[in-house]
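Undergrad: Structure provided below as structure tokens; questions to follow.
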Amino acid sequence: MTNTWPLARGTVPEREAFAFASTLLGVVFAGDALPNTLTWVGAGLLWGAVAVWGVTILVRARPPITRTPRSLWFFLAWCLVSLVWSHWRYATLPSIVVQVVCAAVAFAVASTLTWRRILDATSLAMRWVLMLSLVFEAFVAVVLRHPIAPVWTDYGDAKIPDAFYFSRAELFTGGRIQGLPGNANLLAMVALLAAVAVAVQWAEGRIRRARAIGWLAVAAVVFLLTRSSTVAAAAVVVALVLVVALWIRRTPTERRTPRYLVVLLVAVVLAVVGFIARGAVSELLGKGSDATGRGEIWAKVLGLVDQHPVLGWGWIGYWWPGIPTLADLAHRKGVTYLQAHDAYLDVWMQTGIIGLLLFLVYVVTTLHRGWAGATRIGYDARLEQRSFDPVTLFPLLVVVALLVQSVAESRLLYQGNWILFALIAIKSRIVLVGDEPVSVGDGPRTPPARREFRWASTDERALRD
201 MTNTWPLARG TVPEREAFAF ASTLLGVVFA GDALPNTLTW VGAGLLWGAV AVWGVTILVR
261 ARPPITRTPR SLWFFLAWCL VSLVWSHWRY ATLPSIVVQV VCAAVAFAVA STLTWRRILD
321 ATSLAMRWVL MLSLVFEAFV AVVLRHPIAP VWTDYGDAKI PDAFYFSRAE LFTGGRIQGL
381 PGNANLLAMV ALLAAVAVAV QWAEGRIRRA RAIGWLAVAA VVFLLTRSST VAAAAVVVAL
441 VLVVALWIRR TPTERRTPRY LVVLLVAVVL AVVGFIARGA VSELLGKGSD ATGRGEIWAK
501 VLGLVDQHPV LGWGWIGYWW PGIPTLADLA HRKGVTYLQA HDAYLDVWMQ TGIIGLLLFL
561 VYVVTTLHRG WAGATRIGYD ARLEQRSFDP VTLFPLLVVV ALLVQSVAES RLLYQGNWIL
621 FALIAIKSRI VLVGDEPVSV GDGPRTPPAR REFRWASTDE RALRD
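Numbered per this note's numbering, the sequence shown spans residues 201 to 665.
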């Protein structure tokens, strides 16, 4: 092993790998900002340029594919096989090509950067999206003072649904802001991911206290301005998982079984209560008894599932508006929704029960590796216990946030969520975050004595001292 630990870097400089990772995540989590400002043609050219950059990095780094999650490639292979019986073959082939390219660029990042540099790249990308979103919303609210639509549309004087606007100029009116992603829920997820990344950086000593507090405040403000109940639920679950992971981490491995039983019991109770009171909870979150029309959409998608439950209708990812079967499925208040608003239901409809099982294996194994990396006690080459590093929490918390959102949104199947999840899945298969040696490429850190992580166990602090 080299002292820069990534699986492979070849002739790719670390600076280029980091620049690519930051650019990639910033571009994909900016959502509709590119097509809304550059038109779909311009956005396609930019996305293509980023993809080509990622492929060239992959070619020069030449990482072995043997240490990547087989479940990911099996799922993608099944999506490709669905081309045989697909009801929209002309859409299945390009959709799977895009899916594979996105997985490939995630592989390029995972194999060329350490966990700490992936943390830095994620933080940088999310902070840029947050900052530019606030600048954009301020410009629309102060200078333009009226809602704006994407540049590729021309609605004239027609009254259109609020969802069609790029920005509704509601920064100072008390409405929900949409930022660069053009969607309040997506912007809220960017704020949550930014908060997770910055908090871990702060605990790691990779960002100064004043700067970290400032960015956490920005993330909190954006989160409140979006008023996303879906992401609010994700934030609560992330906080609970953080507490449980730290609780388990502080316990020696041989004494963890009782605590796991307690966690399992509490989880089952909460799941049962949540299912029974789902209507009341949805009302409390302001979503209505059917989660703002999602119940109706789920029922219609289940109708498609009943027609082809084993093999599905064929892979497509994000629904193409030109396919009547899908475009005419979900309408609400003048808006056509092009997703099932549940990643697992979407996978079942598109790839059948076989594809759903493969996808669940991919999701569960990734979550398991994230949990293992956050809770296991590592040992160095001298078989001495390694001190606790906050970066071990990063993959777990990000995966949990994405999975909670996937229950109400299908974003886990495409764009930024798919790439970030695949990145963590591949990287955690290459090396668990807690097992990765400290690399000279990780950059300077604040001395441990000045950044004591209060949740570290007494034994770990004594060992460190």
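All C-beta atoms, glycine included, are put in the ideal place defined by N, C-alpha and C.
(1) Report the residue ranges of all alpha helix (DSSP H) runs contained in full by the region 232-282; include only those spanning at least 4 residues, in chain order.
(2) Where does residue 532 fall in DSSP's three states?
(3) Which runs of the alpha helix (DSSP H) fall wholly inside the region 514-588 and span at least 4 residues, in chain order?
(4) Quick one: what's residue 348 bridged to in DSSP?
(5) Just checking my contact of residue 422 with residue 467 at CB under 8 Å: how many whole Å lie between their CB atoms?
(6) Could you have a look at residue 383 and say whether DSSP puts it in helix, strand or coil?
(7) Can you say whether residue 619 is buried or exposed, counting buried as having 16 or more other CB atoms within 10 angstroms of its CB?
(8) Go to residue 605, then tell me how far its alpha helix (DSSP H) extends in each direction, as first and last residue.
(9) Classify residue 405 as helix, strand or coil using the three-state DSSP reduction.
(10) Please tell me whether, using a cut-off of 7 Å, the distance from the CB of residue 360 to the nearest non-hydrogen atom of the ligand SAM is below it.
(11) Run the CB neighbour count on residue 592, radius 10 Å, all protein chains shown included, and call it buried at 16 or more, exposed below.
(12) Which of the three DSSP states is assigned to residue 614 in this structure?
(13) Under DSSP, the alpha helix (DSSP H) around residue 669 begins and ends at which residues?
(14) Could you check whether residue 616 and residue 298 sit closer than 8 Å to each other, using their CB atoms as the reference points?
(15) Which of the three DSSP states, helix, strand or coil, is assigned to residue 378?
(16) Quick check: residue 366 and residue 350, are their CB atoms within less than 8 Å of each other?
(17) Rounded to whole angstroms, what's the CA-CA distance from residue 324 to residue 559? Just pull it up for me.
(18) Pairs of beta-carbons, one from the region 539-559 and one from the region 499-509, closer than 8 Å: are there three or more?
(19) Look at residue 597 and residue 418 and say whether their C-beta atoms are less than 8 Å apart.
(20) Alpha carbon to alpha carbon, how far is residue 243 from residue 382?
(21) With a cut-off of 8 Å on the beta carbons, I'd call residue 590 and residue 400 a contact; round off their distance for me.
(22) Could you check the C-alpha separation between residue 285 and residue 517 for me, to the nearest Å?
(23) Does the Cβ-Cβ distance between residue 561 and residue 333 come in under 8 Å?
(24) If residue 686 and residue 363 are in contact, beta carbons under 8 Å, what's the gap, nearest whole angstrom?
(25) Out of 226, 235, 312 and 267, which one is the CA nearest neighbour of residue 148?
(26) Can you tell me which of the three DSSP states residue 632 falls into?
(27) Within the same chain, show all residues whose beta-carbon is closer than 8 Å to that of residue 538, passing over the 5 residues directly before and after it, in chain order.
TA: Looking at the coordinates:
(1) Under the rule that a run must span 4 or more residues, the alpha helix (DSSP H) segments found entirely inside the region 232-282 read 233-261 and 270-281.
(2) strand
(3) 524-527 and 543-575
(4) 367
(5) The beta-carbon separation of residue 422 and residue 467, rounded to 30 Å, does not stay under the 8 Å limit for a contact.
(6) coil
(7) buried
(8) 594-606
(9) DSSP places residue 405 in coil when its eight states are reduced to three.
(10) The ligand SAM is not among the ligands present in this structure, which contains no ligands whatsoever.
(11) Buried.
(12) coil
(13) This structure cannot speak to residue 669, because the chain is shown only from 201 to 665.
(14) Cβ atoms of residue 298 and residue 616: not closer than 8 Å.
(15) coil
(16) It is a contact, given that the beta carbons lie within the stated cut-off.
(17) 29 Å
(18) yes
(19) no
(20) 15 Å
(21) 5 Å
(22) The alpha-carbon atoms of residue 285 and residue 517 are separated by roughly 16 Å.
(23) no
(24) In the structure displayed, the chain extends from 201 to 665; residue 686 sits before or after that span and is not available.
(25) What is shown of the chain runs 201 to 665, which leaves residue 148 out entirely.
(26) coil
(27) 518, 519, 520, 521, 526, 527 and 530
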